[in-house]
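Quick note on our numbering: the sequence shown kicks off at 4 and runs consecutively. The C-beta atom is built at its ideal place from N, Cα and C for all residues, glycine as well.
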Amino acid sequence: QRHFHEHLSRTRKLRESDYRVTVKIWLRRDGSLERAELVGSTGSEKLDQLLRESLLQIPAMREAMPENLVQPIRIRVTNRGAV
Numbered sequence: 004q005r006h007f008h009e010h011l012s013r014t015r016k017l018r019e020s021d022y023r024v025t026v027k028i029w030l031r032r033d034g035s036l037e038r039a040e041l042v043g044s045t046g047s048e049k050l051d052q053l054l055r056e057s058l059l060q061i062p063a064m065r066e067a068m069p070e071n072l073v074q075p076i077r078i079r080v081t082n083r084g085a086v
């Protein structure tokens with residue numbers, strides 16, 4: 004979860020927005036993101052689209068994923084926009 008939050012916070016628009024949404028993610032064995040889906044909405048279609056695009060650009064995690072990892076993984080992604 005920290006890995007995803009760190010990388011999402013690098014996108015200025017996401018860093019400045021308030022949102023809370025659950026994301027389903029599928030990871031490849033090498034730790035790279037294969038697929039991501041929002042569960043519900045942030046309340047803004049533009050923000051939802053930006054989140055989907057940004058998730059797909061996140062680099063692979065440093066450690067390989069275990070073969071028996073149950074997928075999709077559900078994580079909550081939240082941010083309180085900078086004032």
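request  = Report back the beta-carbon spacing between residue 67 and residue 55 to the nearest angstrom; my notes put them in contact at under 8 Å.
outcome  = Taking the sequence shown and counting its residues from 1, the one referred to as residue 67 is at position 64. Taking the sequence shown and counting its residues from 1, the one referred to as residue 55 is at position 52. Contact between residue 67 and residue 55 does not hold, since their C-beta atoms are separated by about 25 Å, which reaches or exceeds 8 Å.
inquiry  = How far does the alpha helix (DSSP H) with residue 5 in it extend, from its first residue to its last?
reply    = Along the sequence shown, read from residue 1 onward, the residue named residue 5 stands at position 2. Counting along the chain, the alpha helix (DSSP H) containing residue 5 begins and ends at 5–11.
ask   = DSSP three-state call for residue 37: helix, strand or coil?
value = On the sequence shown, position 34 is the one that residue 37 refers to. Here residue 37 sits in strand by DSSP.
ask   = For residue 72, which option in 13, 14, 31, 12 has the closest C-alpha, if you only look at C-alpha atoms?
value = Here the question's residue 72 lines up with position 69 in the sequence shown. The shortest CA-to-CA distance from residue 72 to any of 13, 14, 31, 12 is the one to 31.
message = Taking the straight line between their C-alpha atoms, what separation do you get for residue 76 and residue 42?
response = Translated into positions along the sequence shown, residue 76 becomes position 73. Translated into positions along the sequence shown, residue 42 becomes position 39. CA-CA distance, residue 76 to residue 42, rounds to 12 Å.
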